[in-house]
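Chains as they are written, first to last, in full-length UniProt numbering: chain A, 1 to 242; chain B, 1 to 242. For every residue, glycine included, the Cβ atom is placed at its ideal position computed from N, Cα and C. In this text, all values refer to a predicted model and were calculated from it rather than measured experimentally.
Number of protein chains: 2
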Amino acid sequence: MSTAESQVSLAVSTVIFALRPSASGEPELVLPLVRRIREPYEGQWALPGGPLNSNEDLAEAASRTLLETTALEPRYLEQLYAFGQLDRSPDDRVVSIVYWALVAGDEADRAIQSENVQWFTADNLPELAFDHNLIVDYALWRLRTKLEYSRIAHGFLGETFTLAQLREVYEVVLRKPVDPGNFRRMVEASGTVVATGERLAGTPHRPPQLYRYNTSIDLTDQGPLSRLSAPRTPASTRGDNS
Amino acid sequence: MSTAESQVSLAVSTVIFALRPSASGEPELVLPLVRRIREPYEGQWALPGGPLNSNEDLAEAASRTLLETTALEPRYLEQLYAFGQLDRSPDDRVVSIVYWALVAGDEADRAIQSENVQWFTADNLPELAFDHNLIVDYALWRLRTKLEYSRIAHGFLGETFTLAQLREVYEVVLRKPVDPGNFRRMVEASGTVVATGERLAGTPHRPPQLYRYNTSIDLTDQGPLSRLSAPRTPASTRGDNS
């Protein structure tokens, strides 16, 4: 065992996506970033994250650090990739295990917003600290690929939603129009949503039906990894880390 | 920054798949395992791997440790997942970044084989050290999923191959028969193989055509990660690690 080994430190970061109204009122894909308050990259924006504590699981560390920095508790959390290039941090060797997460719009509204925590348009970011632009690009690619063959669109929505709201997730994330009639037939054939019998409040004339997700179907197929219980509760609520 | 952080150590392991003839002569999906010569799990079989050195990339560490333990240099290497459950190692906290690799049959024949390095049938493993059974199960799931929508089957083959050899990869890995006529049409339509104009030597009557992979097409689509050059040359050939 080499002594060089002990010089590698381990961090966890998370790319958090949400849909929120832009200045024009149209929804857009956004993510929260944290301004760095120390070197390296002091003053630049970076993904929320922090070092891994020895007494917490990787997904727990992702949940904890994003709760601490943004107050967000995502509906969907999945490991993205471990980034470990030699030159990714100028002063020391850091391997970052990166998660990606989806939060519903109403949850996103509850996020901390301050001078040092802000939402950015996912496809129009400034130059970020470390290799975080590459990490966001890869997370965007994974999100768009996975939206097409899984049910993760529901990670952006609340408990109940209209079919128009579900369709809007696809349109905004994939940046292309989706035909309403085809979409309705496709969703109804998939069995992934259930009509609640209720209708959207506050809409005149014929208010649209509300649906909920059919929770007997997982949002994604993780194969044998589903045997690892992915904790959704941040470590901070389960005991003191000190 | 918590002091607990420094108690986490980082290792790299690799699940290496190859197709080799079984006792009956039929090819089967196999992987090499290394017998542990120290506690914990002394005497049990485990995935090849070792600690990450601070001066090597993650993929380099995967290549180096598997060259050191098995003498193998894979045709295909991809990051699988970072495993970091609290209870995965009894004595200390180890986060393992796991890669998976494919080697061609002739390369597999060159692997070290000894009392402590042996090939096992992938679907019939003994109880392995740590969480390595779960890791292999997940790698098998990823291999089978990815074989269906990418060109990674070529990772099991040499420079040139017959269509029957390519079809055999699908049949053995997916454990189901594949219709030869449909398969030929599907492969020819995909543009992923190129006829070499040569024929398999040593075959009587009409020897089958030899093909090679169309290297203008990547074996898989890694999206923005392709910007990270995945080194295929183990670190040990590029300089001394000491």
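- In this structure, B/T162 keeps its C-beta atom at 8 Å or more from the C-beta atom of B/T196.
- Under the rule that a run must span 3 or more residues, the beta strand (DSSP E) segments found entirely inside the UniProt domain "Nudix hydrolase" (9-144) of chain B read 27-35, 49-51, 76-83, 93-102 and 117-121.
- Counting the other CB atoms within 10 Å of its CB gives B/P32 a total of 16 or more, which places it among the buried residues.
- If you draw a 10 Å sphere on the C-beta of B/Q165, you find 16 or more other C-beta atoms in it, and that means buried.
- Where A/A201 is concerned, there is no enclosing alpha helix (DSSP H), because DSSP gives it neither an H nor an E.
- Using a CB distance cut-off of 8 Å, A/D57 counts as an interface residue toward chain B.
- Taking the C-beta atoms as reference points, A/V15 is found no nearer than 8 Å to A/V103.
- Counting C-beta pairs closer than 8 Å gives fewer than three between the stretch 148-159 of chain A and the stretch 40-58 of chain A, which falls short of the contact rule.
- Beta-bridge pairing by DSSP links B/R212 to B/T160 and B/V194.
- At least 8 Å separates the CB of A/D218 from every CB of chain B.
- When C-beta distances to chain A are compared with 9 Å, the residues of the stretch 94-112 of chain B below that value are V95 and I97, in chain order.
- Around the beta carbon of A/R75, 16 or more other beta carbons sit within 10 angstroms, so the residue counts as buried.
- For the pair A/V193 and A/L19, the CB atoms are not nearer than the 8 Å cut-off.
- Between the C-alpha atoms of A/R35 and B/I217 there is a straight-line separation of about 40 Å.
- Taking a contact to require three or more Cβ pairs closer than 8 Å, the stretch 54-65 of chain B and the stretch 204-218 of chain A do not qualify as touching.
- Sorting A/E39, A/E115, A/Y99 and A/G25 by C-alpha distance to the C-alpha of A/A11 places A/Y99 at the top.
- Between A/A122 and A/V30, the C-beta spacing is below 8 Å.
- Between B/L134 and A/P224, the beta carbon gap of about 6 Å places them in contact (Cβ cut-off 8 Å).
- Excluding sequence positions up to five before and after A/L147, its CB lies within less than 7 Å of the CB of A153, Y170, V173 and L174, all in the same chain and listed in chain order.
- Of all alpha-carbon atoms in B/S22, B/N53, B/R142 and B/L128, the one lying nearest the alpha-carbon of A/V95 is that of B/N53.
- Scanning its chain for C-beta atoms nearer than 7 Å, with the 5 sequence neighbours on each side dropped, one finds around B/D91 the residues P40, in chain order.
- Spatial neighbours of B/T70 in its own chain (CB-CB distance under 8 Å, excluding positions within 5 residues in sequence) are listed in chain order as I16, P32, V34, P48, A111, I112 and V117.
- Closer than 8 Å to the CB of B/V30 there is not a single CB belonging to chain A.
- Within chain B, no C-beta atom comes nearer than 9 Å to that of A/P40; the closest sits roughly 15 Å away.
- Between the alpha carbons of B/A139 and B/L80 lies a distance of about 7 Å.
- Distance from the CA of A/D221 to the CA of A/G191, rounded to the nearest whole angstrom, comes to 16 Å.
- Not a single CB atom of chain A sits nearer than 8 Å to the CB of B/A164.
- Under the three-state reduction of DSSP output, B/P224 falls in the helix class.
- Burial state of A/I37 is exposed, judged by a 10 Å Cβ sphere holding fewer than 16 other Cβ atoms.
- If you check the CB distance, A/D106 and A/G158 come in under 8 Å.
- In this structure, the alpha-carbon of A/G43 lies about 22 Å from that of A/L72.
- Chain A places a beta carbon closer than 8 Å to that of B/P224, counting this residue as a contact.
- Within its own chain, the residues whose Cβ lies closer than 8 Å to the Cβ of A/E127, once the five positions on either side in sequence are excluded, are Q44 and N133, listed in chain order.
- 8 Å or more divides the Cβ of A/A61 from the Cβ of A/L77.
- The three-state secondary structure of A/I217, taken from DSSP, is coil.
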